[in-house]
Amino acid sequence: MMRTIYAILGYPLGWIMFLCYHLVNNYGLALILFTILTKLVLVPFAVKQQKSMVKMAAFRPKMEEIQKKYANNKEKLNEELLKLYEKENYNPMSGCLPVLIQFPILFGLIDVIYYPLKHILRLPADTINAATEIAKQVLGEGGMNMHSVEMSIINAVHQNAGAFSSLGADVVDKISNFDFTFFGMDLGVVPTMAVNIYLLIPILSGLSALGMSLISMKLSSATTGEDGAAASMNKSMLLMMPLMSVFIAFQVPAGVGVYWLLSNVFSAAQSYILNKIYDPVEMVKKAKEEAAARKEQERKEKIEAKKRMKQGDAAAAEKALTQKEINRMKLAAARKRDAEKYGEEYVEVTDDDLK
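Heads up, the final residue of the sequence shown is numbered 355 in UniProt numbering, and it's a clean run with no missing numbers.
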């Protein structure tokens, strides 16, 4: 099942990596170019996430008021929060989108790195199948890595290119000249706990993820002023993301770990730039000022509507007043007339009178 998902996601990403590789003729540089391209595609989502975070900070006091008011009534709490989100035109899931999009890219890239002959060199399936059989003879059954068959083919060609002559000189040359290294590292190797250069990839992946978590937590704190449960959750995420990054980097080829590392570095740079362009503190201040201005405008409109009601302009007033307010004013006016006419004591209108 997962293999099928990887293959589906890997198909479009394979073409992107194919173009990147043929621009620079080095897999490591192609991976950097690929990371930059994917980050550029995700910039609009990152901008939307930043604005969404600021928008939530502006109406957070209202949200906390609702949470406090309906703390013992979860159904009513959810209902009122949904009404608030709708009124503020806020989607609570919009901030998760950039993170969620990263996973299909990651899964697709795993397929691209495991199958370079298919995605980068664009060799036909029958040629790869024939090369697999020859590689088994060159390396022996024990020398073939069945989880990374195409990597084994590349290694076999480097050991004995002549054994693959039946595939044609052009195919052998393509495989022989394929540069799958980055700073001397074979990007098809899966890192282990052995003390060598590959061990740096999980370590650096974890450190870069930790850096990104710190930046995100600082941004969230500056924007929303989170405390209590929200702050505790962020601290938990601070540890979870780096640990998950290290774990993943030990399960997949080094190329995926390098992508994750590069992605975190570019994300940090992107966050810095976005914070300069969309300063969260200033944006929150501006959003709160706009909300206060809207509230003041609504207050003035209601005062004006009440004046119009007294002047008999009920039709215009109904646009600014709720039906309940209109009924309250009509009932109060009727009671005043009766009190004056019959010499009775005037009784204020209550919410129970309007039910």
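Cβ atoms here follow ideal geometry from the backbone N, Cα and C, with glycine treated the same way.
In the DSSP secondary-structure assignment, Thr181 is bridged to Asp186. Glu348 carries a coil assignment under DSSP once its states are collapsed to helix, strand and coil. By the CB criterion at 8 Å, Ile120 and Met17 fall inside the cutoff. Residues Gly206, Ala209 and Leu210 of the same chain have their beta carbon placed closer than 6 Å to that of Pro242, with the five preceding and five following residues left out of the count.
Taking each of Pro116, Ala58, Phe247 and Asn89 in turn and checking the Cα distance to Asn26, the smallest one comes out for Pro116. In this chain, Glu141 is not harboured by any alpha helix (DSSP H), its DSSP state being neither H nor E.
Taking every protein chain shown into account, the CB of Gln50 has 16 or more other CB atoms within 10 angstroms, so this residue is buried. If you draw a 10 Å sphere on the C-beta of Pro191, you find 16 or more other C-beta atoms in it, and that means buried.
If you draw a straight line from the Cα of Pro104 to the Cα of Tyr6, it is about 8 Å long. Here the alpha carbon of Arg3 sits roughly 22 Å from the alpha carbon of Val246. Boundaries cannot be given for Met193, as no alpha helix (DSSP H) includes it and DSSP labels it neither H nor E. Taking Gln270 as the centre and dropping the five residues before and after it, the same chain places the C-beta of Lys39, Val43 and Ala46 closer than 8 Å to its C-beta, in chain order.
Around the beta carbon of Leu239, fewer than 16 other beta carbons lie within 10 angstroms, which makes this residue exposed.
Secondary structure at Val252: coil, using DSSP grouped into helix, strand and coil. For Leu82, the enclosing alpha helix (DSSP H) begins and ends at Lys74 to Glu88.
In the DSSP assignment, Gly10 falls within the alpha helix (DSSP H) that extends over Met2 to Val24.
Classified as buried, Phe107 has 16 or more neighbouring CB atoms from the shown chains inside 10 Å of its CB. Secondary structure note for Met93: it is in no alpha helix (DSSP H), with a DSSP letter that is neither H nor E. Pairing His158 with Leu37, the inter-Cα distance amounts to about 32 Å.
No Cβ-Cβ contact shorter than 8 Å links Asp173 with Leu9. Here Gly211 carries a helix assignment [DSSP, helix/strand/coil]. Under the three-state reduction of DSSP output, Ser267 falls in the helix class. Across the structure, Lys76 and Glu88 are spaced so that their CA atoms are roughly 18 Å apart. No Cβ-Cβ contact shorter than 8 Å links Ala292 with Phe59. Contact between Met146 and Tyr90 does not hold, since the beta-carbon distance rounds to 50 Å and is not under 8 Å.
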